[in-house]
Amino acid sequence: MDFESWRSYWHFSQEIRRNRRYFRTPKADAFLRAVADTCKERLRDIPSGRIFWRAQLGHGWEYEPQIEDEIPCPFPPSRMVPLSDRAHEGRANPKGIPFLYVATTRDTAMSEVRPWIGALVSVAQLRTLRELKIVDCSVNHKRNPIFFEEPSSEKRAEAVWSHIDRAFAEPAARSDDTADYAATQVLAELFKAEGYDGIAYKSTFGEDGYNIALFDITLAELLNCALFRVKNMQIEFTEDANPYFVTSKK
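Just so you know, we're using my numbering here: the sequence shown kicks off at 110 and counts up by one.
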């Protein structure tokens, strides 16, 4: 099934966020059927034993006998995996249903928690326990297509999947309107219902990092955890609009 428009994801997102979420219109259902059909071209296999990274901002405490005081240490294992009964809402998961968010590199995992200089970050390595089938939303990540007329079916699909990846990759903050998560949560639920194990999407932090949301928190086991202190952060800027100048009134 084809997408109706290259802007189909945007229309779907607006409907889910602002109009109907659980009893969807035929147009929204048609969009989801098109996603289910075209995602088969974006499946990736992750082998058993693959190593991923997961970071949490903060640390635990351990007693140091030599100084007779507590010192920072990595969070314990129970803190480095989602709570099965108290999951916070995320870009892919609704509140109460935990997903395991991991990254392909240590730096990506640390950047995703958005630490500040001097912050302590607990960083764990995890290993997949079986082969996983993942929907890779990042295939068209670097593209941001704009069309003035409806393009071919192939170009429409590329545009829609580019928009889907950007929606998953957009950094989330606790201050965000949680309605912004609704569309990506519905897509994640669709992929889960189709029998897939998770979603891969591009990280907005760095060129090489990817994030993966696993639908089952038991698909990877914790191997180790270390504590890092952020020493430096590099941010690059580009000017996106012409400046304006204020003339003082005399």
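Built from N, CA and C at the ideal position, the CB exists for glycine as well. In this text, all values refer to a predicted model and were calculated from it rather than measured experimentally.
Residues near residue i by beta carbon distance below 8 Å, same chain, minus five either side
| i | result |
| --- | --- |
| Glu-330 | Leu-235, Arg-236, Leu-238 |
| Ser-220 | Ser-312, Phe-314, Gly-315, Gly-318 |
| Leu-328 | Leu-209, Thr-237, Leu-238, Arg-239, Leu-241, Asp-306, Gly-307 |
Residues near residue i in its chain [Cβ-Cβ closer than 6 Å; skip 5 each side]
| i | result |
| --- | --- |
| Arg-118 | Just to set this straight, residue 118 is Tyr in the shown sequence, not Arg. Excluding residues within five positions, the ones whose Cβ falls inside 6 Å are Val-269, His-272, Ile-273. |
| Tyr-210 | Ala-322 |
| Ala-164 | Ala-218, Met-219, Val-222, Val-230, Val-232 |
| Arg-159 | Thr-237 |
Neighbourhood of residue i by C-beta distance below 7 Å, restricted to the same chain and skipping five residues each side
| i | result |
| --- | --- |
| Ala-266 | Phe-112, Thr-147 |
| Pro-181 | His-168, Trp-170, Leu-229, Leu-336 |
Three-state secondary structure assigned by DSSP to residue i
| i | result |
| --- | --- |
| Glu-173 | strand |
| Pro-135 | helix |
| Ala-262 | It should be noted that the sequence gives Ser, not Ala, for residue 262. Three-state result, Ser-262: helix. |
| Ile-273 | helix |
| Leu-331 | strand |
| Pro-186 | helix |
| Phe-121 | helix |
| Glu-179 | strand |
| Asp-154 | strand |
| Arg-195 | coil |
| Lys-204 | coil |
| Met-110 | coil |
| Val-355 | coil |
| Arg-127 | helix |
Check whether residue i and residue j have beta carbons under 8 Å apart
| i | j | result |
| --- | --- | --- |
| Ile-308 | Ile-326 | no |
| Ala-292 | Ser-122 | yes |
| Asp-216 | Gly-318 | yes |
| Phe-161 | Thr-213 | yes |
| Phe-363 | Lys-301 | A query on residue 363 cannot be resolved here, the shown segment of the chain reaching from 110 to 359 and no further. |
| Gln-343 | Asn-202 | no |
| Ala-297 | Arg-126 | no |
| Cys-246 | Tyr-310 | yes |
For residue i: DSSP bridge partner residues
| i | result |
| --- | --- |
| Phe-346 | DSSP, once it has assigned bridges, lists no residue as partnering Phe-346. |
| Trp-162 | Ala-212, Gln-234 |
| Ala-309 | Asp-245, Ile-321 |
| Phe-140 | Per DSSP, none; premise fails for Phe-140. |
| Phe-337 | Val-230 |
Classification of residue i by the beta-carbon crowding that lies within 10 angstroms, buried from 16 upward
| i | result |
| --- | --- |
| Trp-115 | buried |
| Pro-183 | buried |
| Pro-207 | buried |
| Ala-350 | exposed |
| Tyr-172 | exposed |
| Asp-306 | buried |
| Ile-226 | exposed |
| Val-144 | buried |
| Gly-199 | buried |
| Arg-142 | exposed |
Neighbour flag for residue i against chain D, beta carbons, 8 Å
| i | result |
| --- | --- |
| Gln-175 | In the structure shown, chain D does not exist; there is a single protein chain. |
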